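Take the sequence shown: its position 126, counted from the start at 1, is 141 in my numbering, and no numbers get skipped.
Even for Gly, the Cβ is constructed at its ideal location relative to N, Cα and C.
Please read these numbers as outputs of a predicted model, since none were measured by experiment.
A quick write-up on the structure given underneath.
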Amino acid sequence: MRSTLQNGCVDQSLVEGELTDALSASRNTVRAVLQQLAKEGLITRSPKRGTRSAGALMLRINSLSPVKEFGGDASIRTELRTLEYRTIGCLRMVRERLRLPPGWTVLMIESLLVQDDQPMGISVSYIALHPDQPRNLQVDEPDAILFLERQLDVRIVGSRATIGATAADEQSAALVGVELGAPMIFLEDILEDETGQPRALSQFRMRSDRIAFTASASRSA
16 MRSTLQNGCV DQSLVEGELT DALSASRNTV RAVLQQLAKE GLITRSPKRG TRSAGALMLR
76 INSLSPVKEF GGDASIRTEL RTLEYRTIGC LRMVRERLRL PPGWTVLMIE SLLVQDDQPM
136 GISVSYIALH PDQPRNLQVD EPDAILFLER QLDVRIVGSR ATIGATAADE QSAALVGVEL
196 GAPMIFLEDI LEDETGQPRA LSQFRMRSDR IAFTASASRS A
């Protein structure tokens with residue numbers, strides 16, 4: 016049932032009687048399952064609207080796309096809202112990860128990941144800036160891919176991704192609305208241009224109860 020909710024439509028109605036018949040389970044069992052799913056954030060329950068699915072943000076891990084396309088459905092609004100941005104020089108860790116030449120610096124953009132006005136996570140992007148580029152850039156687009164392509168005229172064609180788990184710190188808990196120490200998904204992307212040069216390091220910390228991953232796979236002959 017959890018998998019069905021994560022892969023199904025947002026805001027679909029769940030009727031206890033129908034679930035009892037479909038799952039061949041007692042009404043008490045179905046109610047216990049619904050209570051657990053409500054705690055996990057996969058469903059919402061109210062006297063007026065009844066029990067409805069909250070839906071999950073489906074991330075296609077074998078597809079590279081801007082955040083607004085994360086949902087894969089035009090009816091699902093996924094966006095980044097800028098919290099802060101500033102030039103931070105060139106930290107050693109970031110410089111090594113991005114393989115930056117001498118003289119390059121880094122623009123940091125911190126954003127809130129939101130789906131239909133519901134906070135889903137926090138994004139921090141470290142974007143490589145060429146020495147000839149101005150240091151007082153106005154960030155009109157917090158999405159790293161769109162910022163690079165629209166404001167810096169750098170085409171992004173590939174990435175190297177790492178997925179892991181982490182715990183919510185005080186900032187994440189307050190902004191995303193989870194408990195301190197709650198499990199969160201950590202997703203890191205190193206975005207590369209047409210020459211294979213890394214141009215941005217993007218890190219996402221996302222609530223684990225509302226995120227699911229999907230991928231396509233094939234078997235060699």
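Reduced DSSP category for residue i - H, G, I as helix; E, B as strand; rest coil
i: Leu144; result: strand
i: Arg42; result: helix
i: Ala183; result: coil
i: Val172; result: strand
i: Gly211; result: coil
i: Gly196; result: coil
i: Glu99; result: strand
i: Gly104; result: coil
i: Val154; result: coil
i: Val139; result: strand
i: Leu206; result: strand
i: Leu79; result: coil
Member of the options whose CA lies at the smallest distance from the CA of residue i
i: Ile160; options: Arg170, Leu152, Val154 and Asn151; result: Arg170
i: Ala232; options: Val82, Leu122 and Ser78; result: Ser78
i: Gly192; options: Asp224, Ser217, Leu202 and Glu207; result: Asp224
i: Thr97; options: Thr210, Ala183, Ile226 and Ile137; result: Ile137
i: Leu190; options: Arg222, Ile200 and Ser235; result: Arg222
i: Met135; options: Ile200, Glu111, Arg175 and Arg112; result: Ile200
i: Asp208; options: Tyr100, Ala236, Asp168 and Asp147; result: Asp168
i: Pro242; options: Trp119, Glu156, Thr210 and Arg220; result: The requested residue 242 is not part of the displayed model; the chain covers only 16 to 236.
i: Asp147; options: Phe162, Gln166 and Trp119; result: Trp119
For residue j and residue i, the rounded distance between their alpha carbons
i: Gly173; j: Glu185; result: 33 Å
i: Leu52; j: Leu127; result: 25 Å
i: Ala180; j: Val129; result: 20 Å
i: Arg92; j: Ile124; result: 21 Å
i: Asn43; j: Gly65; result: 17 Å
i: Ala215; j: Glu203; result: 10 Å
i: Ser140; j: Gln218; result: 6 Å
i: Leu34; j: Ala40; result: 8 Å
i: Leu152; j: Arg107; result: 22 Å
i: Ala47; j: Ala182; result: 27 Å
i: Thr102; j: Arg150; result: 7 Å
i: Gln50; j: Gln133; result: 21 Å
i: Lys83; j: Glu94; result: 5 Å
i: Arg114; j: Glu164; result: 20 Å
i: Arg234; j: Pro117; result: 43 Å
i: Thr177; j: Gly32; result: 42 Å
i: Arg175; j: Leu74; result: 15 Å
First and last residue of the uninterrupted beta strand (DSSP E) at residue i
i: Val129; result: Thr120 to Gln130
i: Phe228; result: Ile226 to Thr229
i: Leu74; result: Leu72 to Arg75
For residue i, the first and last residue of its enclosing alpha helix (DSSP H)
i: Gln166; result: Ala159 to Gln166
i: Leu113; result: Arg107 to Leu113
Within 8 Å, strictly: CB atoms of residue i and residue j
i: Ala188; j: Ile76; result: no
i: Val121; j: Leu144; result: yes
i: Ile226; j: Pro213; result: no
i: Asp158; j: Pro81; result: yes
The ligand NAP heavy atom lying under 7 Å from the CB of residue i
i: Ile124; result: This structure does not include the ligand NAP; it has no bound ligands of any sort.
Residue-level contact to chain C via CB, residue i, 8 Å cutoff
i: Gln166; result: This model lacks chain C altogether; it includes just one protein chain.
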